[in-house]
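Participant: Sharing a structure below in structure tokens format, with a few things to ask.
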């Protein structure tokens, strides 16, 4: 499961395909609204993103007859997931910032360490673009931040169902699914 929306991927695709994409894009739109004040180069990206959001909403939410209980439930679930992702990203950002402050390193200096420019570093920190696995490992090693604070450990519902089915078929008592995580007894 993706941990967050990736602005570049959305803009490249030119469309949203489901409610979770819509919720993620809406969160991105809010972030871009704030970031564009300091980074005018993001204004055009935000305009394109807003156009993609409007296109999806027009197609999927403009006809009263097409809006049923299932669609509303799907939207509610997507909103919940996207909000959990937003909170995770905000907590990760705060953990990184705490370490930057503690070591008296600026965000721009961290960008140099990771090999990123100032604007891109801002996009990473604000969740507009995703950190690479390489970046997250460097942050873990550099600051000693636990990996679970850097890398989301959420398993999608689709994968949970598949895993539960497989575990039931394997019939191995020492491996079970608890509290949405795999537990090895």
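In my numbering, the protein residues as written are -14 to 170.
All residues carry an ideal CB built from backbone N, CA and C; glycine is no exception.
(1) As a quick exercise: from 76, 66, 51 and 87, pick the residue whose alpha carbon is nearest that of residue 11.
(2) Might you give, ordered along the chain, the residues of its own chain that have their beta carbon closer than 6 Å to the beta carbon of residue 78, omitting 5 neighbours on each side?
(3) Taking just the CA atoms, how far does residue 54 sit from residue 29?
(4) Starting from residue 150, follow the alpha helix (DSSP H) in both directions and report where the run begins and ends.
(5) Quick one: is the Cβ of residue 105 within less than 8 Å of any heavy atom of the ligand GTP?
(6) By the DSSP assignment, the alpha helix (DSSP H) with residue 125 in it spans what residues?
(7) Give the DSSP-derived three-state secondary structure of residue 169 in the structure shown.
(8) With DSSP run on the structure shown, which of helix, strand or coil describes residue 28?
(9) Just list the alpha helix (DSSP H) runs in the segment 78 to 117, keeping only unbroken ones of 4 residues or longer that don't cross its boundaries, in chain order.
(10) Is residue 19 closer than 9 Å to residue -10 when the C-beta atoms are compared?
(11) Kindly confirm or deny that the segment 149 to 162 and the segment 116 to 135 touch, where touching means at least three C-beta pairs closer than 8 Å.
(12) Which of the three DSSP states is assigned to residue 52 in this structure?
(13) Taking residue 12 as part of the alpha helix (DSSP H), name the residues at either end of that continuous run.
(14) How about residue 99 and residue 86: are their beta carbons less than 9 Å apart?
Facilitator: Reading from the atomic positions:
(1) Restricting attention to 76, 66, 51 and 87, the CA atom closest to the CA of residue 11 is found in 66.
(2) Only 110 meet the Cβ criterion.
(3) Each residue's alpha carbon lies about 36 Å from the other.
(4) It spans 142 to 155 - the alpha helix (DSSP H) in which residue 150 sits, taken as one unbroken run.
(5) Annotation note on the ligand GTP: not contained in the displayed structure, which lists no ligands.
(6) 118 to 128 is the extent of the alpha helix (DSSP H) around residue 125.
(7) With a pLDDT of only 41 at residue 169, under 50, the local geometry of the prediction cannot be trusted, and the value read off the model is given with reservation. Residue state, collapsed to three classes: strand.
(8) Residue 28 carries a helical assignment under DSSP once its states are collapsed to helix, strand and coil.
(9) Entirely contained in the segment 78 to 117, the alpha helix (DSSP H) runs reaching 4 residues are, in chain order, 92 to 99 and 103 to 110.
(10) Against a cut-off of 9 Å, the Cβ pair of residue 19 and residue -10 comes out as no contact.
(11) Because the criterion of three Cβ pairs below 8 Å is not met, the segment 149 to 162 and the segment 116 to 135 do not touch.
(12) Coil, per DSSP.
(13) Run containing residue 12: 4 to 20, per the alpha helix (DSSP H) assignment.
(14) Cβ atoms of residue 99 and residue 86: not closer than 9 Å.
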